[in-house]
Every structure is written in structure tokens, then in C-alpha cells.
Amino acid sequence: MLLTTACSKGKDKENSNESKSKISFKAGHSSPEGISIDKSIKEAAEDLKENSDGRLSLEIYPAGQLGGDREQIEAIQFGDQDIWKGASSALVPFIGDFAVFDMPMIFGDYTHEEIQKVLSGEVGSFREIMNKKAEEKGLVLISLSSNETYRTMSTNVPIKTIDDFSQVRIRTMENKYHIKFWEDVGAKPTPVNFSELYVALQQGVVNSQENPVVGLVGSGQYEQQKYITDTNHLLTITCMVMNKGKYDALSDEDKKLINEFSNENVDLEYKYGKEEYDTMKKKAEDYGIEFIELDDNVKKQLKDRAKGTIDLVSSDVDKEVVDSLFASLKEVN
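Going by our numbering, the first residue of the sequence shown is number 97, and it counts up by one from there.
In C-alpha cells form, the structure reads like this:
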């Protein structure tokens, strides 16, 4: 039931007001149950209910029960769903400026705390600008965060120098920015559906892929790989959005509670995300996967070769968005 209101009964019924009404939010995401993105929103929702004396609650539908990311975001715009949580990339078809997070190699010099100050709006103007971009599409961006999860590269050949990338036939998404980055690095990018990736690795169609370690191990694809190299080329960004009309209709008190809920969700996802990474990394190591740490010279070369992709993204994204992101990162540092 979406944002249903039940007036208090009994003597104080006549005196009931907005701040004392009960509101249930219909929330969904597409990730499997039990992982960090799911555990964090559920735990934060429990605290929201307690902090509001039972007035505010979330009815959470995980694992795509309400449809894929696109369907859920559309449902929020239409008012059929209240809250969605997921990767920033899912918002790109609705708000093209979220492609700014497809710029590779831009976050590696910053700590998680510094990055989060920019994403939360504590430092710089970037978050304020992204809030406005979301509102133009009928959405409120109630959280924008990272749990320090990067896309890394796994391979069947050791990668230790920039020239080694020429040996790589890497699976990518059907994403022009990802494809260009790997071409410029010297690899041979090949788009393959994620559902077909295990077999593609097994049969040698590709000998490499790029995903967060948790996704690589959780999907079982690590069984077809020998090395994981810390390219850390793209940072995973998570968003939580809400229908703007329904957020605006809340009392100031309830908006404050929702904002506290979203902040707690961010903190919990970081905590659980770190635990997941440690668990999955150990599982990969126990299987025999070798983790390779690139030296500073190779990382600099990757950054230099990422400039073409950064320029491509910048040509597609509002200049104000790009400029504010780099200015905010400079300010925090």
C-alpha cells in the first residue's frame, strides 16, 4: 500500500495531524536478498520505524520483485512506487547526466571519506546540482553514495605493465564509454551479455572481464580466471530516489526522519560492503586466484589513457555537472 494514511483513533482522533499519521512507503531494488544493498535498507528501515514511534515504515521488495530497475524507476515517476535503490547507471536512461560516473580513473586518488563528502554534499556543489537534475525528472535523490567498491579486471594472463593489456580480450557491457576506455588502454573489448559470460570465459571467447570482486566471485565466474588486477577504474555509485510529489507532501519532521534513514542506509551499506569484499576476496584466494597490485607508474599510464573516455563522457554530459564534480573533488583534497 503506497503512502496510505490512517488517522489515529480514540479521543485524540480530532486532534490528529500530519506528524502523527502513519505512512507506509513501497520500496524496491533489484539486488539479491542478503547482500549489502539489501541488508542496509532493511536495517535502516527498522530504525526508521522505531525512531518514528511506528508511524513511518517501508514495505521492501528485493530481487526485482517489482520489476527491473527501469520499470521501478518509471513506477516512481508515475507514483506507483515510492522508493528505489540501485546503481547510478540505472538512472542514465532517465537522467543522462548520471553518465558522469562512467568517467574512468577519477576517484582513485581520494579516500572513501573524501569521496563521500562530495557525494553527500558536505563539500562542493556537485550534489546540489545532481539533486536538481533528479527533481527535473520528478525524483528526489535521497542518497548518493559509494561503499568503496571498484570495478576491477580479472584475467587468465598476468597483467603487470601497460603493454600486458594487449593480451586481454575483455568482456564489457554494451557501453560506448567502457569500450573506448579498454580500446585506449590497449585491450580488445568484446560486449557479452552477463548471463553468457561464464560460458564465454570457459570457451575462450574472452579471457578477461571487469566487475567488482563481489560480483565476480558471487556469480562463480572467478572459477574461469587466474588473476584479479586492481585496475579500480570505475567506482560503483549507489542511489536512492523517491517520488518528488510524495516527498514534498511530507511534513518537515517526516522529511528529517527520511533523511536520517537514508544516511543510516549509506553507513550500513559501507559496513556490509566491506565485509562482503573481505569474504569474497578470501574465497577467491582460497580457490587459487592471485591478486595483482599495479605499481604507481602503470596506474598513471591508465589515467593518461583514460583522458579520451573522460572527454567523450564530458561531451555528452552537462558541463556544469562535470565541472562541479572535479571542482568538488579538488576542494575536498
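We treat Cβ as the ideally placed atom computed from N, Cα and C, and that holds for glycine. Predicted, not measured: the structure shown is a model, and the values here were computed from it.
Taking only three categories from DSSP, how would you classify residue i?
i, result
"N339", "strand"
"N429", "coil"
"G311", "helix"
"Q305", "strand"
"L162", "coil"
"E319", "helix"
"R223", "helix"
"S410", "helix"
"R151", "coil"
"F387", "strand"
"Y246", "strand"
"N359", "helix"
"N393", "helix"
"S239", "strand"
"A380", "helix"
"K256", "coil"
"K233", "coil"
"S291", "helix"
"D193", "helix"
"Y206", "coil"
"I211", "helix"
"A345", "coil"
"E218", "coil"
"L187", "helix"
"I137", "helix"
"G130", "coil"
"G369", "helix"
Grab me the residues of residue i's own chain with a C-beta within less than 7 Å of its C-beta, minus the 5 sequence neighbours each way, in chain order.
i, result
"Q168", "G124, L162, Q177, W180"
"K105", "For K105, the pLDDT reaches just 43, beneath the cut-off of 50, and the residue's location in the model is therefore unreliable, leaving the point undetermined."
"D82", "No information on residue 82 is available, as it lies outside the stretch 97 to 429 that the chain covers here."
"K138", "I156"
"Q317", "L293, Y294, L297, Q305"
"S132", "N243, E365, Y368, G369, E372"
"Q263", "V253"
"L353", "L144, N147, S148, L152"
"E231", "K340"
"R376", "Checking the sequence, you will find Met at residue 376 rather than Arg. Around M376: V309, V310, V313, G314."
Just tell me which of the options has its CA closest to the CA of residue i.
i, options, result
"K228", "K426, E416, L425", "E416"
"F363", "E244, L237, L152, V219", "The sequence given here has Asp at residue 363, not Phe. Nearest C-alpha to D363: E244."
"G384", "N289, Q299, S250", "S250"
"L235", "I119, K340, K118", "K340"
"E356", "D344, P128, I119, D143", "D143"
"R401", "S424, K377, K276", "K276"
"F197", "T334, N429, E372, K399", "T334"
"K135", "K370, D391, I225", "K370"
"N280", "F290, S291, I266", "Looking at the sequence itself, residue 280 is Asp, so the reference to Asn does not match. That would be I266, whose Cα lies nearest to the Cα of D280."
"G414", "R247, A283, M226", "The amino acid at residue 414 is misidentified as Gly; the sequence shows Asp. D414 has its Cα closest to that of M226, out of R247, A283, M226."
"G130", "I255, G314, V337, E349", "G314"
"V309", "L330, N359, S148", "L330"
"G311", "P128, K116, K122", "P128"
"V394", "V337, M201, V302", "M201"
"E319", "D382, E270, E349, S347", "D382"
"T332", "L346, T375, L240", "L240"
"L421", "L398, F194, E231", "F194"
"Q397", "W278, G300, Y343", "W278"
Which residues does DSSP pair with residue i in a beta bridge?
i, result
"G124", "Y157, W180"
"P285", "I266"
"L331", "Y246"
"I324", "S250, F387"
Apart from the five residues on each side of it in sequence, which residues of its chain come closer than 6 Å, Cβ to Cβ, to residue i?
i, result
"G204", "N328"
"M199", "I406, V409"
"S430", "This structure gives no information on residue 430, because the portion of the chain shown stretches from 97 to 429."
"A283", "F261, V264, I266"
"V428", "E210, K213, V214, V219"
"A462", "The shown model of the chain, from 97 to 429, leaves out residue 462, and the question about it has no answer."
"I238", "M336, M338, S358"
Check whether chain C comes within 8 Å of residue i, counting only Cβ atoms and requiring the distance to be less than that.
i, result
"K256", "Looking for chain C here will not work: only one protein chain is present."
Taking 8 Å as the limit between beta carbons, can you name the residues of its chain near residue i, skipping five residues before and five after?
i, result
"Q173", "F190, K233, G234, L235, N339"
"D412", "G192, A195"
"K426", "none"
For this session: Mind the definition here: the region 183-192 touches the region 206-213 only if three or more C-beta pairs lie below 8 Å; say whether that holds.
Result: no
For this session: Examine the Cβ distances between the region 273-292 and the region 404-414 and report whether three or more of them are shorter than 8 Å.
Result: yes
For this session: Say whether the region 256-267 touches the region 358-374, bearing in mind that this needs 3 or more beta-carbon pairs closer than 8 Å, one atom from each stretch.
Result: With a cut-off of 8 Å on Cβ pairs, the region 256-267 is not in contact with the region 358-374, counting fewer than three such pairs.
Exercise. Are three or more beta carbon pairs between the region 381-397 and the region 324-338 nearer than 8 Å?
Worked result: Contact between the region 381-397 and the region 324-338 is established, with three or more Cβ pairs separated by less than 8 Å.
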